[in-house]
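Remarks on the structure that follows.
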Ligand code: NAD
């Protein structure tokens, strides 16, 4: 669906009107094209004193061949220089004349911050360059998971980072996204897939998020084809977000089994043909859905990834809602996911290092008028992820995305005024595209994302709803 306001905003007259009336001005977000480097543009890198993640971050920046500068006060910060040098990262010094230079990303290791006073390191690093970030740029702060901090003051200071990142996401505009990554104890070797995702245009519509990286086995991966040799099932793959997920997982190397209801057979076959995948027509609420999914994947070496994308809305205020509308939505959006997961996990239906990825919604976080059934189902999905994560074995992980306003047939059906509000009430002043959700799912699905378990990442342009 086209966003006519955004098209208007790009025209000369539109720019004039929008500037003079102070209206939101959505920019065209950079999005990933196959073959592109992770990041195009310079990175400014800094660290609070005594931060211990600097070498691991430097390693990732070196692996992606980033053009990296040392941030304010960091040029003579020996710790940063030494950590970078230890992994062969060439850290360029910022000269006086570089004041006007523009950075694609600002990356700050805040793991050394241990009390409120030391939070000033954020100000010292970001303040001088707050106007020097390019459009569709990134602000990434990396801290330690507050629960793992050694004192109340340190835990408090680490938790405080969230306020900084979420404010910057709202303040910087121009399609700039801000994220916080919490790294668990000894999980520094598990941060690469997260940093690559956040630095790249794959995360165009993800902002204001807190991602937690846990310690897990590290796995070698071909970053150009991180899903090579993997088999994925995507439910609801015949259109909308599911279709985009199928395309992105196939682009990343997976064989994708496209699943949808029999009524969608023609579209399902079209999608499967486009990506060299296969077709499974199935209603996921069927009692034997788990069994059928396992059997379909068995012919492809077993199942590595299941994406529970199929979902429906049946909006009515609670007073007007018929019981069958309640039952239908809960059954498809939540109960079917639970049943399929139970079957797969109890019947060796997922390969080692397998991935379960669920699709929640910001309605499940914020609630929504006319969506008691839908919000219950999508909040339930978050519960499913949270409570399943610690029970998993064999390197299997479970995570969820929670899309905000995404341009699909589902959102095209929303009345105009509500649709327009949904599109604009976020830091990007626009709706996201199905590919934005798909890229986030591919990040969770990546063979390298072993340290991501129990996360819920919103793909909502930092929507004000439920923020
Ligand atoms: P969509 O209606 O375009 O596609 C959903 C697909 O799921 C359809 O192809 C449909 O046939 C399939 N499906 C429905 N019931 C099924 C069943 N019982 N068995 C198998 N397949 C079934 O929706 P979309 O906008 O692409 O949404 C995809 C997912 O993203 C849903 O879970 C939705 O709740 C979620 N979501 C969407 C948005 C948005 O803005 N579009 C926002 C938040 C969350």
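Numbering (the numbering used here), first residue to last: 271 to 737. Yeah, the Cβ is synthetic: ideal placement off N, Cα and C, and Gly gets one too. Bear in mind that the values here come from a model prediction, so they are computed numbers and not experimental data.
When you compare the CB of residue i with every CB in chain C, is at least one pair closer than 8 Å?
{"i": "residue 507", "result": "Judged by its chain identifiers, the structure shown contains no chain C, having just a single protein chain."}
So for residue i, helix, strand or coil by DSSP?
{"i": "residue 449", "result": "strand"}
{"i": "residue 536", "result": "helix"}
{"i": "residue 711", "result": "helix"}
{"i": "residue 525", "result": "strand"}
{"i": "residue 344", "result": "Summary for residue 344: the model assigns pLDDT 48, below 50, so the residue's position carries little reliability, and this model does not support an answer."}
{"i": "residue 319", "result": "coil"}
{"i": "residue 374", "result": "strand"}
{"i": "residue 466", "result": "helix"}
{"i": "residue 667", "result": "strand"}
{"i": "residue 306", "result": "coil"}
{"i": "residue 731", "result": "coil"}
{"i": "residue 502", "result": "strand"}
{"i": "residue 334", "result": "coil"}
{"i": "residue 672", "result": "strand"}
{"i": "residue 484", "result": "coil"}
{"i": "residue 609", "result": "helix"}
{"i": "residue 393", "result": "helix"}
{"i": "residue 339", "result": "strand"}
{"i": "residue 616", "result": "helix"}
{"i": "residue 626", "result": "strand"}
{"i": "residue 491", "result": "coil"}
{"i": "residue 479", "result": "strand"}
{"i": "residue 473", "result": "helix"}
{"i": "residue 379", "result": "strand"}
{"i": "residue 428", "result": "helix"}
{"i": "residue 738", "result": "In the structure as shown, the chain starts at 271 and stops at 737, and residue 738 therefore has no counterpart that could be examined."}
{"i": "residue 726", "result": "strand"}
Pull up the distance between the alpha-carbon of residue i and that of residue j, whole angstroms please.
{"i": "residue 227", "j": "residue 449", "result": "With the chain covering 271 to 737 only, the question about residue 227 has no answer from this structure."}
{"i": "residue 664", "j": "residue 623", "result": "6 Å"}
{"i": "residue 552", "j": "residue 600", "result": "18 Å"}
{"i": "residue 710", "j": "residue 625", "result": "13 Å"}
{"i": "residue 686", "j": "residue 677", "result": "13 Å"}
{"i": "residue 580", "j": "residue 327", "result": "36 Å"}
{"i": "residue 715", "j": "residue 460", "result": "14 Å"}
{"i": "residue 447", "j": "residue 440", "result": "9 Å"}
{"i": "residue 345", "j": "residue 519", "result": "Per-residue confidence for residue 345 stands at a pLDDT of 45, beneath the threshold of 50, marking its modelled position as unreliable; no derived number is given."}
{"i": "residue 527", "j": "residue 629", "result": "17 Å"}
{"i": "residue 498", "j": "residue 419", "result": "38 Å"}
{"i": "residue 759", "j": "residue 521", "result": "Beyond the ends of the chain as shown, which are 271 and 737, falls residue 759; an answer cannot be given."}
{"i": "residue 725", "j": "residue 274", "result": "34 Å"}
{"i": "residue 653", "j": "residue 727", "result": "14 Å"}
{"i": "residue 404", "j": "residue 334", "result": "19 Å"}
{"i": "residue 591", "j": "residue 640", "result": "9 Å"}
{"i": "residue 555", "j": "residue 531", "result": "10 Å"}
{"i": "residue 655", "j": "residue 458", "result": "23 Å"}
Report, in whole angstroms, the separation of the C-beta atoms of residue i and residue j, which I expect to be a contact under 8 Å.
{"i": "residue 501", "j": "residue 571", "result": "6 Å"}
{"i": "residue 702", "j": "residue 729", "result": "6 Å"}
{"i": "residue 341", "j": "residue 395", "result": "5 Å"}
{"i": "residue 357", "j": "residue 373", "result": "With 8 Å as the limit, residue 357 and residue 373 do not qualify as a contact, their Cβ atoms being about 21 Å apart."}
{"i": "residue 514", "j": "residue 707", "result": "7 Å"}
{"i": "residue 545", "j": "residue 468", "result": "At roughly 26 Å, the Cβ-Cβ gap does not stay under 8 Å, so residue 545 and residue 468 are not in contact."}
{"i": "residue 720", "j": "residue 541", "result": "Incorrect: roughly 29 Å between the Cβ atoms, too far for contact."}
Answer yes or no: do residue i and residue j have a C-beta to C-beta separation smaller than 8 Å?
{"i": "residue 317", "j": "residue 382", "result": "yes"}
{"i": "residue 359", "j": "residue 314", "result": "no"}
{"i": "residue 477", "j": "residue 718", "result": "no"}
{"i": "residue 679", "j": "residue 509", "result": "yes"}
{"i": "residue 733", "j": "residue 637", "result": "no"}
{"i": "residue 380", "j": "residue 392", "result": "yes"}
{"i": "residue 722", "j": "residue 658", "result": "no"}
{"i": "residue 324", "j": "residue 350", "result": "yes"}
{"i": "residue 523", "j": "residue 495", "result": "yes"}
Report yes or no: do the region 383 to 400 and the region 423 to 437 share at least 3 C-beta pairs separated by less than 8 Å? yes
Between the region 499 to 517 and the region 572 to 588, can you find at least three pairs of beta-carbon atoms closer than 8 Å? yes
Does the region 485 to 499 come into contact with the region 452 to 467, if we say contact requires no fewer than three beta-carbon pairs (one atom in each stretch) closer than 8 Å? yes
Would you call the region 593 to 605 and the region 640 to 652 in contact, with 3 or more CB pairs under 8 Å? yes
Contact between the region 291 to 310 and the region 469 to 482 (3+ Cβ pairs under 8 Å): yes
How about the region 553 to 569 and the region 611 to 619: do they share at least three Cβ pairs that are nearer than 8 Å? yes
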